[in-house]
Structure formats: structure tokens, C-alpha cells
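A.B. asks: According to the UniProt record's numbering, the sequence shown holds residues 1 to 231 in order.
Backbone N, C-alpha and C define an ideal beta-carbon position, used for all residues, glycine too.
Could you have a look at this structure, given as C-alpha cells, before my questions?
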Amino acid sequence: MSETERQIEVPADPLAGHPATAYLWGHVAGSGDVSNDGIEVVTNDEESAQVLAAVAGGSLEHETTSREYAHDTSITRTEDEYTLSIGGDEGDDGDTSLLGRSGALGLPVDGRGNYRFGAFASHDRELLRGLLEGCGTICFKSSSGTVGISFVHDDQDLLELTRELIADCPVDAPMGDLGETSSGGYWFGVDDDAAPAFGTWLYENCEETGLFAPSRRRKLERSLEQADAYE
Numbered sequence: 001m002s003e004t005e006r007q008i009e010v011p012a013d014p015l016a017g018h019p020a021t022a023y024l025w026g027h028v029a030g031s032g033d034v035s036n037d038g039i040e041v042v043t044n045d046e047e048s049a050q051v052l053a054a055v056a057g058g059s060l061e062h063e064t065t066s067r068e069y070a071h072d073t074s075i076t077r078t079e080d081e082y083t084l085s086i087g088g089d090e091g092d093d094g095d096t097s098l099l100g101r102s103g104a105l106g107l108p109v110d111g112r113g114n115y116r117f118g119a120f121a122s123h124d125r126e127l128l129r130g131l132l133e134g135c136g137t138i139c140f141k142s143s144s145g146t147v148g149i150s151f152v153h154d155d156q157d158l159l160e161l162t163r164e165l166i167a168d169c170p171v172d173a174p175m176g177d178l179g180e181t182s183s184g185g186y187w188f189g190v191d192d193d194a195a196p197a198f199g200t201w202l203y204e205n206c207e208e209t210g211l212f213a214p215s216r217r218r219k220l221e222r223s224l225e226q227a228d229a230y231e
């Protein structure tokens with residue numbers, strides 16, 4: 001067992017309310033593919049991928065990919081990609097339990113595809129952190145000297161749910177309207193004035209649980225430092 005896995009408190013029930021399950025399902029909703037046979041969730045951070053595997057089991061694969069940037073399809077970026085596969089043909093009883101009785105009915109998604117995150121209501125920070133790392137971006141805006149935090153996804157309903165979670169969090173974080181991306185998805189951003197406080201709250205004390213992507217936290221810290229130094 002790796003050092004990362006030793007730091008993670010893993011609940012017996014992957015669908016019960018717990019910081020680790022909230023973080024897991026935030027990732028699954030943000031960058032996962034859920035079917036009756038299994039789940040695949042993708043992350044660009046190796047340590048975060050190991051954390052998700054420690055919580056849910058499954059197998060990890062690593063590859064380097066090139067893809068279009070969500071906000072501007074004329075720009076491509078190359079990055080590491082870690083795919084966690086859970087269930088399917090794994091043949092692991094621990095993995096199968098994550099899928100409930102026989103398929104998607106055991107997942108926090110109802111029959112119409114709506115996310116059911118009520119069990120994680122007491123762990124909104126971990127759920128939002130998983131969502132941000134699954135489908136969000138953090139950047140320094142050199143034109144304005146501010147930090148930008150936004151969420152991008154093809155599922156408009158998921159982004160509306162994310163907006164509700166942010167509105168209910170203890171930090172005042174106004175948001176812009178939901179808009180369309182050039183690739184046909186949707187996005188919204190936290191107001192620049194509120195992004196530093198929201199981002200700081202999101203990663204506050206995260207080392208106590210280990211439920212975070214170190215690369216994403218570093219990106220936030222660098223962006224905050226750049227904003228502080230901006231003249």
C-alpha cells in the first residue's frame with residue numbers, strides 16, 4: 001500500500017455520506033463515465049487518481065493525450081491522463097459493490113439521470129473539490145491580474161447543481177450566468193473578486209484527509225501569488 005493510500009480513511013459503504021465518498025462522486029460526476037457495467041473516471045493528477053482508487057478500488061491506466069481546450073477549440077494541449085476503471089470485468093467483489101445491485105440503480109443517480117448527492121450534504125467542500133478537479137479550471141488572468149475559477153461540462157443539469165452547492169457554501173461566491181462553450185458544452189465562472197476566498201476555502205485543511213489533487217492546489221497557490229504580485 002502506498003503512502004497516499006495509508007492517509008485515506010476509506011468508508012465501508014461507497015454510497016454513504018463520508019468525505020471520501022463525496023470527493024469520489026464529485027470526480028465521477030465531473031469527469032466520469034457511468035454505465036450499467038462499470039465506471040470510468042479520468043484525472044490528470046496521479047496522486048488524486050491513487051486516492052480515488054484507494055476509495056473505490058478498480059484499476060488505473062496512464063496515457064498521454066492531446067485534446068482541444070474547452071473554451072477555444074483552436075488550441076490543443078498535451079497532458080497526462082489517468083483513467084480509473086471500476087467494475088466491468090474486473091472480477092473484484094469490492095468493485096462490484098460500488099455498482100449496487102446490478103447496475104446504475106446503486107449509484108447516486110436516479111432513473112432520469114439526475115444526480116442524488118443528498119447523502120453528501122455534510123461534506124459539500126469535498127464534493128465541490130471533486131467536481132472542480134473533475135470539470136473545473138483554475139487560472140491566473142494576466143489581463144486583469146485576477147484569479148479565475150470556472151466549471152465546464154456537457155451536462156447543464158450538473159452545472160446547475162454545482163451552482164446550487166456553491167451558493168450554499170459558507171463563503172460568499174457570486175457566479176456569472178451559465179453560458180455555452182465553443183465545443184457545445186456549458187460553463188460558468190465564480191466572480192473574480194470572490195475566487196480567491198472560494199478557492200482558499202475549497203482547499204483549506206485538505207491535507208488532513210488527503211482528498212485533493214496536489215497539482216490543482218499548486219495551481220491555485222501560484223495563481224493567488226501572481227494575483228497578489230500584480231500591479
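Go ahead and pull the three-state DSSP assignment for Phe198.
C.D. replies: Working through the sequence shown from its first residue, we reach residue 198 at position 198. If DSSP states are grouped into helix, strand and coil, Phe198 belongs with the helices.
A.B. asks: Could you tell me the boundaries of the alpha helix (DSSP H) in which Asp33 lies?
C.D. replies: Looking up residue 33 in the sequence shown gives position 33. Counting along the chain, Asp33 falls outside any alpha helix (DSSP H), though it belongs to the beta strand (DSSP E) covering Gly32 to Val34.
A.B. asks: Could you spell out where the alpha helix (DSSP H) holding Glu46 opens and where it closes?
C.D. replies: Within the sequence shown, the letter at position 46 stands for residue 46. From DSSP, the alpha helix (DSSP H) with Glu46 extends over Glu46 to Ala56.
A.B. asks: Please go through the same chain and pick out, in chain order, the residues whose beta-carbon is closer than 6 Å to the beta-carbon of Ala194, but skip the five residues on each side of it.
C.D. replies: Here residue 194 refers to the residue found at position 194 of the sequence shown. Answer for Ala194: Ala173 and Pro174, listed in chain order.
A.B. asks: Nearest to Asp177 by alpha carbon, out of Ala197, Arg116, Ala213 and Ser150?
C.D. replies: Locating residue 177 in the sequence shown gives position 177, where the first residue counts as 1. It is Ser150 whose Cα lies nearest to the Cα of Asp177.
A.B. asks: Tell whether a beta-carbon distance below 8 Å holds between Cys135 and His123.
C.D. replies: Translated into positions along the sequence shown, residue 135 becomes position 135. Translated into positions along the sequence shown, residue 123 becomes position 123. Between Cys135 and His123, the C-beta gap is not smaller than 8 Å, which leaves the two residues out of contact.
A.B. asks: Where does the unbroken alpha helix (DSSP H) through Gly134 begin, and where does it stop?
C.D. replies: Counted from its first residue, the sequence shown places residue 134 at position 134. Note, Gly134: alpha helix (DSSP H), Asp124 to Cys135.
A.B. asks: Say whether the stretch 203-222 touches the stretch 18-25, bearing in mind that this needs 3 or more beta-carbon pairs closer than 8 Å, one atom from each stretch.
C.D. replies: yes
A.B. asks: So, using beta-carbon positions, are Ile39 and Gly32 closer together than 8 Å?
C.D. replies: Numbered from its first residue, the sequence shown carries residue 39 at position 39. Numbered from its first residue, the sequence shown carries residue 32 at position 32. Contact flag set, yes.
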